[in-house]
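Numbering of the sequence shown is given in this note's numbering, commencing with residue 1095 and proceeding in unit increments. Built from N, CA and C at the ideal position, the CB exists for glycine as well. All values reported here derive from a predicted model rather than from experimental measurement. Worksheet: one structure, shown below.
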Amino acid sequence: MDVTINKLILDANGKIIEDESGVLCEVENEAGDSSIIMVNRKELFQAGYEIPENNFNLCERGIEESTSCSGNDELDASTKSNVDEWSDESTRLLLDKYADYLKLVGPMKKFKNKKIMWIQIAKDLEAVLGIQKTYILCENRYKTILRRKRVSDKNNSTSGSKRVKVSFENEIKQIASKDDSIEPKVLQSANKFVVNVKSKVKSSSEAEISKIIKNKKTKSSLIETLVEIHKEKENKKQERHEEKMRLLKSFFEKENIHKDS
């Protein structure tokens, strides 16, 4: 999907709303704009939502419509916690855990890959806050926060635009200090380019560039020295030649004078 599912829309009785096209959901696009659309169950399942089959499917198979075929289902406690939108508390816990676990992801580390890390974060949410979220929902929430940050940053860097507050800015900064992929090394503002370079650690590419520049300076200095030496040799050679010519000229002049006398 080109959008992220934020939450399922429930009616006044806490029931999901659906028809033959899918379940009513709030979604968000890459630009950060939200809308309400129908999303089919397959896409919901891929996004990490676990929704029990409801009576609508029975009606679709030909059973006569009755009060039980309303198109809505009561959600059990487990599903309800998956449907509930994220609170500031649960989002902060997710971001804090991500910052803590990021350095533990990789071969021969606690988490072999990020999927295993997200599974652990989902367990932490349940253990600490008592809410159940699939690892996919946790990952999607993280991506949504980053996307909203990019939208806010773009707006705030545009001249004349009203400044928009970046949600969970402190938590994102904490993650960015450990993950260079969060913020590009060169950021474009309204009037200038700002180079975002870590003060203590140089990347391997930066070190290589620095080494190349240093080598070029060294080579340039060496070439200049050799050129100067060559020029000096040529000048001395020319001076010796001129001195030799003067001596010869003087000798021949004396010789001619002697003959004349």
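Boundaries of the alpha helix (DSSP H) harbouring V1222: 1208-1223, taken from the DSSP string.
Taking R1244 as the centre and dropping the five residues before and after it, the same chain places no C-beta closer than 6 Å to its C-beta. For L1231, the enclosing alpha helix (DSSP H) covers residues 1229-1250. Beta-bridge pairing by DSSP links L1118 to M1132. Closest in alpha carbon position to S1271, among D1190, I1099, G1254, A1221, is D1190.
In the displayed model, E1326 falls within a helix according to three-state DSSP. Counted as a single uninterrupted DSSP element, the beta strand (DSSP E) harbouring I1099 occupies residues 1098-1102. Residue state for I1317 is assigned as helix, using DSSP reduced to three classes. A straight-line Cα-Cα distance of about 26 Å links C1232 and A1106. Note that the segment 1217-1233 touches the segment 1132-1146; at least 3 beta-carbon pairs, one per stretch, sit closer than 8 Å.
A direct Cα-Cα distance of roughly 25 Å separates R1241 from L1104. Partner residues in the beta bridge of E1112, as assigned by DSSP, are V1117. Minimum Cα-Cα distance from K1267 among the listed residues Y1192, E1124, E1179 corresponds to Y1192.
The DSSP-derived three-state label of F1262 is coil. A straight-line Cα-Cα distance of about 43 Å links S1115 and S1253. Around N1249, the same chain offers S1255, V1258 as residues with beta carbons nearer than 6 Å, after the five sequence neighbours per side are excluded. Taken atom to atom, the span from the alpha-carbon of N1134 to that of L1196 is near 33 Å. Counting C-beta atoms within 10 angstroms of its own C-beta, E1112 has 16 or more neighbours from the protein chains shown and is therefore classed as buried. Straight across, the Cα-Cα distance linking W1180 with R1186 is about 10 Å. According to the DSSP assignment, S1184 belongs to the alpha helix (DSSP H) that extends over 1182-1195.
Put simply, the backbone Cα of M1339 is about 33 Å away from that of I1317. As a beta-bridge residue in DSSP terms, F1205 pairs with V1199. Inter-residue distance for G1224 and E1183 is about 12 Å (C-alpha atoms, whole angstroms).
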